[in-house]
Amino acid sequence: MLPHQRQYAHSKFRMMVAGSSGNEFEKLFHLLMELRHEDYVPIRTAGSIGDLGGDGLRTSCRTLYACYAPETFDLFSVKSKFHGDVESAIIQRPEQFDTFVFVHNDQRGGIHPVISGLLMEAGQRFPRVIFQQMGPQKLWNEAMYLDRLQMESLLGETIPVERVVYSIGLAEIEPLLKHLAQARQRVPDASVPLPTTYKVDFNGLSEQARAVLQAGRPYVHLVDQYYRDLLDQMERDETAAGFQAYYGRMRHEHGDDTDEILWQMQRFVLGQEAPRWDRDEAAKAVLAYFFDECDIFEVPPPGWRPMHVADGGAT
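Structural data, given as structure tokens:
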């Protein structure tokens, strides 16, 4: 898909997730997972035995999924649903799964803190099982790997061919961009070196691409501080997973053209509309942060050395 088509798909998918509940949300989840994974098996309720604690199963990685998306969030009901699904799955599917994923459509930037506590408690109670959650951001991370025809099947409509300009790229980090635009501070020594000395050389980035990363380096500490101050400590990891997924897609589409990949990553953050200078600078800081944290682009293998030394690269 073209970048503006992917932006369109992202917007439509977020609205579909936010607007669905109950069986409708479960059907959307099944369709997504069947398009994405050949080994995914949707599970239906069967008489008195129910669904045995799961709504879907991936056979190759032994992962069981349980969906919960009520019209109105009720803490007692979600706790009851979680405990019921976990205990039913542990008792009735003991040899079928190693990972239990609680799937939800909570749009508020993360799962409810009580539910995160339930995941921790379940992990302590059943140490052989890995407990995870999957919300709107992780659902989109799965959808991001679909091609255009698969995405149209998921959305139930044809994706417009006409170019549409979006002023917001990755909506989940819009608060971060606003924070950076307001909190950017001039660092006395602007020539901050890239901490991963060989990574830019290993990825073959041009001098112009290096300059983009270098321009964001003085403000990376603001990105780090933003995530440290969040109440939901999982948001950083979910955002990083989104960057990893999009980078993987761009690597598949553009191969070794790393400058093009970096450009597409910048559009992923900002959208296609020409940004104000403060948003553009904020996006560079975000890219530098995830580059330096090794969430995007390839990491040199141990012992690798560049053929030459370049400014902003290996020293």
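Following UniProt numbering, the numbering of the sequence shown begins with 1 at its first residue and continues without gaps.
Ideal Cβ positions, reconstructed from N, Cα and C, are used throughout, including at glycine.
Provide the residue(s) that pair with residue i in DSSP beta bridges, ordered along the chain.
i: L64; result: L57, F100
i: F131; result: F100
i: Y40; result: R58
Within this structure, are the beta carbons of residue i and residue j separated by less than 8 Å?
i: R305; j: L146; result: no
i: Q5; j: I159; result: yes
i: I173; j: V269; result: yes
i: F13; j: A143; result: yes
i: T63; j: F102; result: no
i: residue 316; j: M1; result: There is simply no residue 316 to check, as the chain begins at 1 and stops at 315 in what is shown.
i: L287; j: L213; result: yes
i: R93; j: A181; result: no
Taking 8 Å as the CB-CB cut-off, is residue i touching chain B?
i: E95; result: The structure shown contains no chain B; it is built from a single protein chain.
Near residue i, what residues of its chain come up, given a Cβ to Cβ distance below 8 Å and the 5 sequence neighbours on each side ignored?
i: V41; result: G56, L57, R58, T59
i: D259; result: L205, S206, Q208, A209
i: V129; result: I90, F97, D98, T99, F100, A122, G123
i: R148; result: M1, Q5, I159
i: G248; result: Y145
Take residue i and list the residues in its own chain whose beta-carbon comes closer than 6 Å to its own, dropping the five residues that flank it on each side.
i: L262; result: A209
i: F131; result: F100, L119, A122, G123
i: Q264; result: M250
i: F82; result: L118
i: S20; result: L28
i: A183; result: L222
i: E71; result: S21
i: E298; result: N203
i: E281; result: none
i: H179; result: Y226
i: D39; result: R58, T59, S60
i: A211; result: none
Contact defined as beta carbons within less than 8 Å: I believe residue i pairs with residue j. What is the distance between those atoms, to the nearest angstrom?
i: G22; j: A69; result: 6 Å
i: A283; j: V223; result: Contact flag wrong, Cβ pair sits at about 11 Å.
i: Y246; j: R236; result: Not confirmed; about 16 Å, so no contact.
i: F202; j: N105; result: With 8 Å as the limit, F202 and N105 do not qualify as a contact, their Cβ atoms being about 39 Å apart.
i: I115; j: V78; result: 6 Å
i: residue 318; j: P300; result: Any property of residue 318 remains undetermined from this structure, which presents the chain solely from 1 to 315.
i: W140; j: H252; result: Contact doesn't hold; Cβ gap of about 17 Å is too wide.
Drop a sphere of 10 angstroms on the beta-carbon of residue i, count the other beta-carbons inside from all chains shown, and report buried for 16 or more, exposed for fewer.
i: W277; result: exposed
i: I91; result: exposed
i: G156; result: exposed
i: G303; result: exposed
i: P136; result: buried
i: M33; result: buried
i: P175; result: exposed
i: D292; result: buried
i: P275; result: buried
i: G255; result: exposed
i: E95; result: exposed
i: E238; result: buried
i: G271; result: buried
i: G216; result: buried
i: D85; result: buried
i: M15; result: exposed
Between residue i and the rest of its own chain, which residues show a CB-CB distance below 7 Å, the 5 nearest in sequence each way excluded?
i: L31; result: L154
i: E290; result: Residue 290 is actually Phe in this sequence, not Glu. Taken in chain order, the residues that qualify are A240, F243, I296.
i: F126; result: I90
i: Q107; result: A18, P136
i: V220; result: A285, A288, Y289, D292
i: I49; result: Note that I49 has pLDDT 37, beneath the 50 cutoff, so the model's placement of it is unreliable and no number is given.
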